[in-house]
Amino acid sequence: MQDGTLHYWNPAAMDAPLRSVTGHQDTMLTLDVDTATGRIYSGDASGRVVMWTPTNDARTAFTAVTAKGEVPTKRAAAVVVCAGELLAASWDNTLRIGDAATAELKRTVPLPGQPKGIAVSAAAPGVRVVATGSALVVVAGDAAPGAPVAADWSPTCISMSADGTLVAVGGKDKKVHTYRVEGTSLTPDGETKEAAGEISAVAISPDGKYIAAGDAVKEVRLYSTGAGKETLMSGKWVFHTTRVTGLKWSPDSRHVATVGTDRRLCVWSPTSDSPVLVQDLANPQPFADVAWADNSSVWTLGTDGVASFRTLTL
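Structure representation (structure tokens):
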């Protein structure tokens with residue numbers, strides 16, 4: 220089927236399929252994990268969004284439900300779940316908002332450009348900050364999007380602090396730019412020094428102390444969220460050999476997991492110059508994204524369409 224659903228039929232009874240299997244037919248590009256329920260949400264190059272629900276306590280088997288309602292029509296740039304809300308930003312220049320429990324997308328919000336990422340926090344429910352290639356947009360509650368905040372340095376990725384007061388935005392200018400979130404307004408807060416390449420992935424630690432950023436060359440850098448955005452780690456976290464495509468903090472803020480097009484999974488600690496863990500050739504095809512399931516395990520997503528659960532020895 221064109222929507223990626225596989226149907227099994229009995230030739231002797233063709234009135235209805237015996238079984239239907241839902242999933243992705245196109246390349247999977249982005250994922251997020253609801254750690255409370257164990258559900259995984261993924262998006263692909265066609266715009267399809269799928270919710271995967273575990274069917275056992277060990278979370279080793281899942282059933283899939285394709286998002287319904289006002290679904291994306293083009294490539295998924297980001298799929299995020301937070302505080303019961305499912306968000307999908309896609310290359311049809313829209314943000315879709317819906318119910319995470321049912322995977323129903325109920326609202327379509329037009330954006331001023333192609334989205335690069337979504338930033339949200341459970342501490343600021345209903346406040347979503349979307350980065351496009353030329354601006355930042357705040358979508359709060361059921362109101363229309365706020366006026367775009369121009370960003371001539373071309374945003375590439377975005378993250379929000381756990382308390383909902385700070386966003387970090389990576390740019391093609393090789394810097395991370397930070398903004399204070401004040402209601403529905405964004406106030407410039409500072410920027411980091413240039414990295415080796417354009418910023419390809421960024422995340423603020425859950426404890427609010429650090430910003431980790433991966434670049435399109437191979438390096439991961441660590442910055443302070445404090446005044447001056449001090450560089451804390453530079454020229455040390457360089458075990459990737461190509462573009463960093465996914466970067467996330469563990470829930471306890473002790474580790475950063477990164478994946479890249481080099482098929483390598485790395486885990487870092489703010490207290491060490493060297494990686495805590497390196498898994499080389501950890502996927503048959505380049506990695507697209509990574510997300511923590513808990514403090515000792517992650518989900519990785521490959522461009523081969525495979526999501527893998529990995530328990531880490533840290």
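Count along the sequence shown from 1, add 219, and you get the number used in my numbering.
Note that the Cβ used here is the ideal one computed from N, Cα and C, for glycine as well.
If you drop the 5 nearest sequence neighbours on each side, which residues of the same chain put their C-beta closer than 6 angstroms to that of residue i?
i, result
"Pro503", "Asp523"
"Ala283", "Thr241, Gly242, Val269 and Trp271"
"Gly360", "Gly345"
"Thr249", "Gly262, Ala295, Ala297, Val298 and Asp508"
"Phe218", "Lying outside 220 to 533, the shown extent of the chain, residue 218 is not represented and no answer is given."
"Ala343", "Gly383"
"Met220", "Bear in mind that the predicted position of Met220 carries a pLDDT of just 42, short of 50, making it too unreliable to give a figure here."
Using 10 angstroms around the beta-carbon of residue i, count the other beta-carbons present and answer buried if the total reaches 16, otherwise exposed.
i, result
"Met233", "exposed"
"Tyr429", "buried"
"Ala280", "exposed"
"Glu438", "buried"
"Pro329", "exposed"
"Asp508", "buried"
"Pro494", "buried"
"Ser442", "Rather than Ser, the amino acid found at residue 442 in this sequence is Tyr. Looking at its Cβ environment, which holds 16 or more other Cβ atoms inside 10 Å, Tyr442 is buried."
"Ser469", "buried"
"Thr490", "exposed"
"Val463", "buried"
"Leu500", "exposed"
"Val300", "buried"
"Pro407", "exposed"
Roughly how far, in whole angstroms, is the beta-carbon of residue i from the beta-carbon of residue j, given that I think they are within contact range, below 8 angstroms?
i, j, result
"Gly266", "Lys325", "Their Cβ separation, rounded to whole angstroms, is 16 angstroms, which puts Gly266 and Lys325 out of contact at 8 angstroms."
"Ala264", "Asp245", "4 angstroms"
"Pro520", "Ser261", "Here residue 520 turns out to be Leu, not Pro, going by the sequence shown. Confirmed, Cβ separation roughly 7 angstroms."
"Thr375", "Ser424", "That belief does not hold up - the Cβ atoms of Thr375 and Ser424 are roughly 20 angstroms apart, past 8 angstroms."
"Ala435", "Thr254", "Not really, about 29 angstroms apart at Cβ, beyond 8 angstroms."
"Gly465", "Phe528", "Contact doesn't hold; Cβ gap of about 15 angstroms is too wide."
"Thr461", "Gly479", "6 angstroms"
"Ala431", "Ala422", "5 angstroms"
"Val357", "Thr403", "5 angstroms"
Which partner residues of residue i appear in the DSSP bridge assignment?
i, result
"Trp456", "Val439"
"Pro367", "Paired residues: none, contrary to the question."
"Glu401", "Ser404"
"Glu449", "Its beta-bridge partners do not exist; DSSP assigns none."
"Pro334", "Thr351"
"Val486", "Ala476 and Leu496"
"Asp263", "Met247"
"Gly288", "Leu324"
"Arg529", "Val517"
"Val252", "Ile259"
Grab me the residues of residue i's own chain with a C-beta within less than 8 angstroms of its C-beta, minus the 5 sequence neighbours each way, in chain order.
i, result
"Ala231", "none"
"Leu355", "Val348, Val349, Pro367, Val368, Ala370, Pro374, Ile377, Val386, Val388, Tyr398 and Leu405"
Would you check whether the ligand SAH has a heavy atom nearer than 7 angstroms to the C-beta of residue i?
i, result
"Trp310", "Although the ligand SAH was asked about, the structure shown includes no ligands whatsoever."
Can you list, in chain order, the residues of its chain whose CB lies under 7 angstroms from that of residue i, leaving out five sequence neighbours each side?
i, result
"Gly257", "Pro273 and Arg278"
"Thr515", "Looking at the sequence itself, residue 515 is Ser, so the reference to Thr does not match. Cβ neighbours of Ser515 beyond the five flanking positions: Thr530, Leu531 and Leu533."
"Gly416", "Lys393, Asp434, Ala435 and Val436"
* Asked: Which whole runs of the alpha helix (DSSP H) in the stretch 407–436 are 4 residues long or more, in chain order?
  -> none
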